[in-house]
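Structure record follows, encoded as structure tokens.
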Amino acid sequence: MAKTMAVNAGSSSLKFQLLEMPAEQVIAQGVIERIGMDDAIVTIKYDSEVEGLIDDSEDEDHITFSKNGKDKKYENVLAMKDHQQAINFMLQKLTDLGIIEDFNEITGVGHRVVAGGEWFNHSVVVNDSVLEKIDRLADYAPLHNPANAMGIRAFQKLLPDALSVAVFDTSFHQSMPEENYLYSLPYEYYTRYGARKYGAHGTSHRYVAMRAAEMLGKDLKSLKLITLHLGAGASITAIKDGKSLDTSMGFSPLAGVTMATRSGDVDPSLVYYIQEREGLSNDDMLNILNKKSGLLGLSTISSDMRDLLDVQDTNDHARLAVKIFINRIIKYIGQYIAEMGGVDAIVFTAGIGENSIPVRQAIIDKLEYFNVSLDIEANKIRGKEVEISTKSSRVKALLIPTNEELMIARDVESLK
Ligand code: AMP
Numbered sequence: 148m149a150k151t152m153a154v155n156a157g158s159s160s161l162k163f164q165l166l167e168m169p170a171e172q173v174i175a176q177g178v179i180e181r182i183g184m185d186d187a188i189v190t191i192k193y194d195s196e197v198e199g200l201i202d203d204s205e206d207e208d209h210i211t212f213s214k215n216g217k218d219k220k221y222e223n224v225l226a227m228k229d230h231q232q233a234i235n236f237m238l239q240k241l242t243d244l245g246i247i248e249d250f251n252e253i254t255g256v257g258h259r260v261v262a263g264g265e266w267f268n269h270s271v272v273v274n275d276s277v278l279e280k281i282d283r284l285a286d287y288a289p290l291h292n293p294a295n296a297m298g299i300r301a302f303q304k305l306l307p308d309a310l311s312v313a314v315f316d317t318s319f320h321q322s323m324p325e326e327n328y329l330y331s332l333p334y335e336y337y338t339r340y341g342a343r344k345y346g347a348h349g350t351s352h353r354y355v356a357m358r359a360a361e362m363l364g365k366d367l368k369s370l371k372l373i374t375l376h377l378g379a380g381a382s383i384t385a386i387k388d389g390k391s392l393d394t395s396m397g398f399s400p401l402a403g404v405t406m407a408t409r410s411g412d413v414d415p416s417l418v419y420y421i422q423e424r425e426g427l428s429n430d431d432m433l434n435i436l437n438k439k440s441g442l443l444g445l446s447t448i449s450s451d452m453r454d455l456l457d458v459q460d461t462n463d464h465a466r467l468a469v470k471i472f473i474n475r476i477i478k479y480i481g482q483y484i485a486e487m488g489g490v491d492a493i494v495f496t497a498g499i500g501e502n503s504i505p506v507r508q509a510i511i512d513k514l515e516y517f518n519v520s521l522d523i524e525a526n527k528i529r530g531k532e533v534e535i536s537t538k539s540s541r542v543k544a545l546l547i548p549t550n551e552e553l554m555i556a557r558d559v560e561s562l563k
């Protein structure tokens with residue numbers, strides 16, 4: 148069977164998942180962090196009981212077993228000068244560990260690419276023209292697209308025969324109508340610079356919407372869904388007729404709801420006002436909006452929802468941060484119900500959505516007017532697909548763990 152790798156390359160890291168396709172079985176996953184440093188960290192988790200997996204590794208020192216003795220973890224710290232070297236090491240290690248017999252078994256590589264602009268409304272096979280466009284779109288995602296392109300080039304060198312596919316975070320949202328993607332700015336900025344809303348997390352919203360339709364036993368095209376991707380980055384999407392109708396992130400992933408360290412929506416004139424008073428450069432201000440705001444900025448203690456929930460009974464700032472996080476989500480849900488003329492199901496996903504019982508409860512409790520009622524017992528669960536609304540709830544609430552890697556691997560398969 149063919150193996151497909153789903154890749155998420157960052158500026159100093161590379162996450163990957165190797166799947167047996169079309170069986171959709173994950174056979175290894177891992178991450179290389181601190182690429183470019185003398186102490187890069189390589190972690191590969193794999194299942195030693197997968198059929199045909201022989202372990203003749205000579206690297207026993209770096210391998211540990213999980214409690215059930217089944218899953219294995221390879222860990223190592225070593226110098227890694229660039230992505231090319233990191234990927235070469237990772238592929239070599241997959242071979243040493245017996246996960247693949249040789250590189251050519253990997254017949255497809257799907258790359259997460261953050262910005263696809265208006266050029267890409269679906270995943271595409273990478274050729275020179277696609278790569279050039281990904282490079283040019285670095286203006287829209289300066290921290291991400293160059294790293295994504297670097298990952299693509301490095302894999303192409305090492306696996307020249309594998310099909311290389313780009314899967315864009317933005318492409319799912321290309322279906323938004325112009326009244327939703329345009330800002331009320333002079334139109335010429337849109338035509339001149341592509342100044343508009345692109346959204347993000349599209350692969351995640353697309354995946355959970357598809358699963359929601361399957362769980363409800365309905366045709367996705369007949370449903371009105373609101374998908375809540377609530378992780379360190381958070382976005383809300385209104386999905387009608389199987390397409391993204393509107394989404395909370397904007398020109399960049401800074402807009403929308405309150406996030407771990409990102410502000411979400413702010414009056415732009417306030418940004419200018421603060422910059423002037425504090426004597427901040429544009430870069431400083433963007434850094435504050437991206438890295439020092441959101442849950443961290445409001446609470447003053449942590450960007451992690453778990454920390455805030457732990458202390459919210461005794462810490463006013465933590466309580467306020469959680470309250471604002473929930474309030475912004477409710478506002479978007481209300482707006483999207485009005486925009487779609489109703490809603491059939493609300494879907495929770497990503498770190499907070501999948502794991503936080505109290506956050507899900509607080510959100511659903513606020514939606515009584517829309518006839519969503521929570522099944523308190525069903526909601527006492529983490530990280531599993533489950534309906535968390537009561538049988539009589541007119542609007543369903545679903546918990547669906549996201550799986551962007553699977554979506555990427557499926558896109559690779561569909562383009563073969
Ligand atoms: P993600 O970006 O999807 O990996 O989500 C990361 C976020 O999930 C972190 O900021 C955590 O605050 C949050 N998270 C993970 N587990 C829990 C939990 N049990 N309760 C609340 N938040 C959680």
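Just add 147 to wherever you are in the sequence shown, counting from 1, and you've got my numbering.
A virtual CB, placed ideally from N, CA and C, is assigned to each residue, including glycine.
| said: Per the DSSP calculation, VAL272 is bridged to which residue(s)? | reply: The residue given as residue 272 occupies position 125 in the sequence shown. Note: VAL272 sits in a beta bridge opposite VAL312.
| Per-residue burial, GLN164 [other beta carbons within 10 Å of its own, 16 or more giving buried] | For the purposes of this step, residue 164 is taken as the residue at position 17 of the sequence shown. Under this definition GLN164 is a buried residue.
| field | Presumed contact (8 Å Cβ cut-off) between GLY441 and THR408, rounded CB distance | value | Walking along the sequence shown from the start, residue 441 turns up at place 294. Walking along the sequence shown from the start, residue 408 turns up at place 261. Correct: roughly 5 Å between the Cβ atoms.
| message | When you measure from the CB of GLY403 to every non-hydrogen atom of ligand 1, does any distance come out below 7 Å? | response | Working through the sequence shown from its first residue, we reach residue 403 at position 256. Flag unset: Cβ of GLY403 not near ligand 1.
| task | Taking GLU326 as part of the alpha helix (DSSP H), name the residues at either end of that continuous run. | result | The residue you call residue 326 lines up with position 179 of the sequence shown. Residues 325–328.
| Is the stretch 515–528 in contact with the stretch 554–563, if contact means three or more CB pairs nearer than 8 Å? | Touching, no.
| Is there at least one non-hydrogen atom of ligand 1 closer than 7 Å to the beta-carbon of ALA407? | Counting from one through the sequence shown, the residue named residue 407 turns up at place 260. Yes, since a heavy atom of ligand 1 falls inside the 7 Å radius drawn around the Cβ of ALA407.
| query | Relative to the C-alpha of LEU329, which residue among TYR345, LYS192 and ASP316 is closest? | reply | One-based indexing of the sequence shown puts residue 329 at position 182. Nearest option by C-alpha distance: TYR345.
| query | ligand 1 heavy atoms versus the CB of ALA153: any closer than 7 Å? | reply | Translated into positions along the sequence shown, residue 153 becomes position 6. Because no heavy atom of ligand 1 lies under 7 Å away, the Cβ of ALA153 does not count as near it: no.
| Quick one, which of SER410, ASP218, VAL272 and TYR336 has its alpha-carbon nearest LEU244's? | The sequence position of residue 244 within the sequence shown is 97, counting from 1. That would be ASP218, whose Cα lies nearest to the Cα of LEU244.
| Segment contact flag, the stretch 303–311 with the stretch 164–178, C-beta cutoff 8 Å, min 3 pairs | no
| What residues in its chain sit with their C-beta under 7 Å from that of PRO169, if we drop five residues either side in the sequence? | Sequence index remark: in the sequence shown, residue 169 carries index 22 (1-based). If we look at PRO169 and ignore the five residues flanking it on each side, its Cβ neighbours are GLU560.
| said: In the DSSP output, what is PHE163 paired with across the bridge? | reply: Translated into positions along the sequence shown, residue 163 becomes position 16. In DSSP, PHE163 forms a bridge with VAL154 and GLY177.
| Are ALA492 and LYS543 close, meaning C-beta to C-beta below 8 Å? | Position 345 of the sequence shown holds residue 492. Position 396 of the sequence shown holds residue 543. Yes; because the gap between Cβ atoms is below 8 Å, this pair is in contact.
| By Cβ distance below 8 Å, which residues in the same chain neighbour ASN429 in space, the five residues on each side in sequence not counted? | As a position in the sequence shown, residue 429 is number 282, starting the count at 1. Result list for ASN429: GLN422, in chain order.
| Is it a yes or a no for the stretch 342–356 touching the stretch 299–306, going by three-plus beta-carbon pairs under 8 Å? | no
| field | Neighbourhood of GLU180 by C-beta, 6 Å cutoff - its chain only, sequence neighbours within 5 removed | value | As a first step, residue 180 is located in the sequence shown; it is residue number 33 there, counting from the start. Correct list, in chain order: SER160 and ILE188.
| said: If contacts are defined as beta-carbon pairs under 8 Å, then MET152 and THR350 qualify, I think. What distance do you get, rounded to the angstrom? | reply: Mapped onto the sequence shown, residue 152 falls at position 5. Mapped onto the sequence shown, residue 350 falls at position 203. MET152 to THR350, Cβ: 15 Å. No contact.
| In terms of alpha-carbon separation, which member of ASP414, ASP393 and GLU248 lies closest to ILE484? | Along the sequence shown, one-based indexing puts residue 484 at 337. The residue with the shortest Cα to Cα distance from ILE484 is ASP393.
| message | Which same chain residues end up closer than 6 Å to THR211 when comparing Cβ atoms and leaving out the 5 residues on each side of it in sequence? | response | Along the sequence shown, one-based indexing puts residue 211 at 64. Result list for THR211: LYS220, in chain order.
| Quick one: does the C-beta of ARG453 sit closer than 7 Å to a heavy atom of ligand 1? | Translated into the one-based positions of the sequence shown, residue 453 becomes position 306. Indeed, a heavy atom of ligand 1 lies less than 7 Å from the Cβ.
| What is the DSSP secondary structure of SER391, reduced to helix, strand or coil? | Here residue 391 corresponds to residue number 244 of the sequence shown, with the count starting at 1. The answer is strand: DSSP assigns SER391 an E or B state.
| message | ligand 1 and ALA497: does the residue's C-beta get closer than 7 Å to at least one heavy atom of that ligand? | response | For the purposes of this step, residue 497 is taken as residue 350 along the sequence shown, with counting starting at 1. Yes, ligand 1 has a heavy atom inside 7 Å of this Cβ.
| Distance between LYS162 and ARG259 (C-alpha atoms, nearest Å) | For the purposes of this step, residue 259 is identified with residue 112 of the sequence shown, where counting begins at 1. For the purposes of this step, residue 162 is identified with residue 15 of the sequence shown, where counting begins at 1. Going from the Cα of ARG259 to the Cα of LYS162 covers about 10 Å.
| When you compare each of GLU167, GLY257, LYS439 and ASP460 to SER450 by their alpha carbons, which one comes out closest? | Here residue 450 refers to the residue found at position 303 when the sequence shown is read from its first residue. Checking every option, the nearest Cα to that of SER450 belongs to LYS439.
| message | For GLN172, list the residues DSSP reports as bridge partners. | response | Position 25 of the sequence shown, counted from the start, is the residue given in the question as residue 172. Its beta-bridge partners are GLU167.
| Beta-carbon contacts of ALA285 that lie in its chain and below 6 Å, excluding the five residues immediately before and after | As a first step, residue 285 must be located in the sequence shown, where it is residue number 138. For ALA285, where only same-chain residues beyond five positions count, the Cβ hits under 6 Å are ASN292 and PRO293.
| query | Under 7 Å from any heavy atom of ligand 1, does the C-beta of GLY444 make it? | reply | Within the sequence shown, residue 444 is the residue found at index 297, counting from 1. It does not: the Cβ of GLY444 is nowhere closer than 7 Å to a heavy atom of ligand 1.
| Contact set for LYS527: own chain, Cβ-Cβ below 8 Å, skip 5 residues either direction | Indexing the sequence shown from 1 puts residue 527 at position 380. Excluding positions up to five away in sequence, the list reads ILE504.
| message | On the DSSP letters alone, give me the boundaries of the alpha helix (DSSP H) that ARG557 sits inside. | response | For the purposes of this step, residue 557 is identified with residue 410 of the sequence shown, where counting begins at 1. Looking at the DSSP string, the run of the alpha helix (DSSP H) that includes ARG557 is 551–561.
| query | Looking at GLU532 and LEU546, is the spacing between their C-beta atoms short of 8 Å? | reply | Taking the first residue of the sequence shown as 1, we reach residue 546 at position 399. Taking the first residue of the sequence shown as 1, we reach residue 532 at position 385. Yes.
| query | From this set, GLU501, PRO548, ILE477 and GLU524, which residue's C-alpha is nearest GLY403's C-alpha? | reply | As a first step, residue 403 must be located in the sequence shown, where it is residue number 256. Nearest of GLU501, PRO548, ILE477 and GLU524 to GLY403, Cα basis: ILE477.
| query | Would DSSP call SER449 helix, strand or coil? | reply | Here residue 449 refers to the residue found at position 302 when the sequence shown is read from its first residue. Three-state result, SER449: coil.
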